[in-house]
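Numbered by my numbering, the letters in the sequence shown go through residues 767 to 906 in order.
I have placed the structure first, in the form of structure tokens, so that the comments after it can refer back to it.
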Amino acid sequence: KPQKIYVAALNNFENNVVFFNSIWHQLGGKIFGKFIEENQKISLENLHYFFTYNSKSLGETIKPINKFSNNVMTRLLYLSLPLKNSNNNTFSLEKSNKTIKEILAKHNISFDNAIFDNGAGLSRKTKFSLYSLNALLIHA
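And the structure:
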């Protein structure tokens, strides 16, 4: 019985371009321009958005997270906090902790000795003073 050997003729980038083009055309879309590899140096002035999406407000997003005590979504929200003011798209608890403390300091709320462990509410290590919590609630 003959054996079949499958060989990828395209690299990952080229394969993704062919795949995306195929699906985009099947859905009735047309592509004008070229695809750019992630590590390719580009000038942002020459780029044009082909799609924008207006998401729900932060309040509308947080409401179901709180309602259903969704710890996974809470953690993802916590990890995404530093992304708004950064060009670096890496997630870390350290960056999130720093961002929380910067936001609180900006509003003159002292959480200097606070420990925010994981952002999901499941940590026994998270600590802050009643004074800090009171200041936060008064500000809110």
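Beta carbons are placed, not taken as given, at the ideal position from N, Cα and C, and that holds for glycine.
Just so it is clear, the structure is predicted and the values come from calculations on it, not from any experiment.
Asked, Found
"Just the C-alpha distance for Asn901 and Ile828, rounded to the nearest angstrom, thanks.", "In the sequence as displayed, the identity of residue 901 is Ala instead of Asn. Cα to Cα, the separation comes out at about 22 Å."
"Could you tell me the distance, in whole angstroms, from the CA atom of Tyr897 to the CA atom of Asn863?", "19 Å"
"Expressed to the nearest angstrom, what Euclidean distance is found between the alpha-carbon atoms of Glu804 and Phe779?", "9 Å"
"Name the one or two DSSP bridge partners that Lys893 has.", "Ile881"
"At a cut of 8 Å, does the region 862-880 reach the region 810-823 through at least three beta carbon pairs?", "no"
"Consult DSSP for Gly795 and reduce its assignment to one of helix, strand or coil.", "coil"
"Measuring only the C-alpha atoms, how far is Ile831 from Ala886?", "11 Å"
"Please report the straight-line C-alpha distance between Leu899 and Phe857, rounded to a whole angstrom.", "26 Å"
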